[in-house]
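At position 82 of the sequence shown (counting the first as 1) the number is 419 in my numbering, and the numbers step up by one without a gap.
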Amino acid sequence: MKITPGAVVNGGTSLHYKTGSWRDQRPEIDPESCKQCGICQDVCPDDAVRQVGDRYEIDYDFCKGCGICAHECKAEAIRMKNEEK
């Protein structure tokens, strides 16, 4: 799809564009410290934090490593780590 300046694209296409390769840091959740509050999921601008059963996981295909989840985690259960490529 060619996009010209000022173009508007149809919605629902973001699942086709994995943006995780942009990051230089990645959040890691410590399941022992996590209080299951869901704040990380609420604040993630890319919807990359998902609840899976009784824990939260990060979908690294879409996580850009912004660190908002780690910053907002009251339990300090999320740490940003340098990305290894």
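A virtual CB, placed ideally from N, CA and C, is assigned to each residue, including glycine. In this text, all values refer to a predicted model and were calculated from it rather than measured experimentally.
| Query | Result |
| --- | --- |
| Ser358 versus Asn419: straight-line alpha-carbon distance, rounded | 13 Å |
| Residues near Cys406 in its chain [Cβ-Cβ closer than 7 Å; skip 5 each side] | Pro364, Cys377, Val380, Cys381, Val386 and Ile415 |
| Burial state of Gly402 (16 or more Cβ within 10 Å) | buried |
| For Ile373, the three-state DSSP class (helix, strand or coil) | According to the sequence as given, residue 373 is Gln; it is not Ile. Note: Gln373 maps to coil in three-state DSSP. |
| One or two residues paired with Val386 in a DSSP bridge | Ile395 |
| Rounded distance between the beta-carbons of Gly375 and Gln362, thought under 8 Å | That pair is no contact at about 22 Å. |
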